[in-house]
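Peer 1: Residue numbers for the sequence shown, in the working numbering: 74 to 222. Take a look at this one; I'll ask things after.
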Amino acid sequence: MSASPPPPAPGAQAQETASPERLKRLSEELRCLVCQNQTLADSNADLAVDLKRQIETLLAQGQSDNQIRDYMVARYGDFVLYRPPLQSNTLLLWIGPFAMLAGGGLLWWLIQRRNRLNRPAASTSVPTVSGAAAQAPEAMARARALLDR
């Protein structure tokens with residue numbers, strides 16, 4: 074399935090036909106499909122080199138920047154755009170990171186709140202004598218005698 078590039082718009086002049094600046098600008102707007110997190114301009118992958126040649130060919134044919142972008146999107150989908158447009162089908166890509174951050178913050182807050190509620194309250198009452206000391210009054214008397222010295 075080979076999509077042929079669209080013909081130049083009627084009456085459209087070749088904008089700076091195949092200038093290196095236009096090639097660089099377009100290559101920076103398109104994503105390398107192999108590297109995925111690099112622009113075509115930054116990538117040396119074989120496919121990126123082929124796509125840059127394709128852009129050069131389209132520029133030489135007098136295609137506008139929009140026509141070249143549209144051709145690449147028609148062939149490879151919105152993913153080829155390094156900065157995809159905000160649309161209903163790309164909304165999750167734009168909102169997802171912020172939603173994950175908010176969800177993580179909410180989870181942290183809930184855990185902190187639960188830990189605070191489950192922590193025993195600090196006791197302000199005077200400790201009472203219990204256990205063996207309460208059962209042995211003579212041991213208490215000896216302890217008091219030692220403390221009174």
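All residues carry an ideal CB built from backbone N, CA and C; glycine is no exception. Treat the numbers as computed from the prediction; the structure is a model and nothing was measured.
(1) Does DSSP classify residue 106 as helix, strand or coil?
(2) Can the beta-carbon of residue 121 be found closer than 8 Å to that of residue 131?
(3) Since residue 138 and residue 99 should fall inside the 8 Å C-beta cutoff, what is the C-beta to C-beta distance between them, to a whole number of angstroms?
(4) Express the C-alpha separation of residue 129 and residue 88 in angstroms, rounding to a whole number.
(5) Go to residue 191, then tell me how far its alpha helix (DSSP H) extends in each direction, as first and last residue.
(6) State the start and end residues of the unbroken alpha helix (DSSP H) segment that holds residue 155.
(7) On the CB-based measure, 16 or more other CB atoms within 10 Å of its CB, does residue 165 come out buried or exposed?
(8) Hey, quick one: how far does the alpha helix (DSSP H) through residue 126 stretch, first residue to last?
(9) Out of curiosity, what's the CA-to-CA distance linking residue 126 and residue 185?
Peer 2: By the coordinates alone:
(1) In the displayed model, residue 106 falls within coil according to three-state DSSP, outside both helix and strand.
(2) No, they are not a contact pair.
(3) That belief holds up - the Cβ atoms of residue 138 and residue 99 are roughly 6 Å apart, short of 8 Å.
(4) Unreliable positioning characterises residue 88 in this predicted model, as indicated by a pLDDT of 46, which lies under 50. The coordinate reading is nonetheless provided below. Looking at the two C-alpha atoms, the distance is approximately 13 Å.
(5) Residue 191 -> alpha helix (DSSP H) spans 164–191.
(6) Segment: none, residue 155 is in no alpha helix (DSSP H) and carries neither H nor E.
(7) Result: exposed.
(8) Where residue 126 is concerned, the enclosing alpha helix (DSSP H) stretches over 119–133.
(9) Their backbone Cα atoms lie some 56 Å apart in a straight line.
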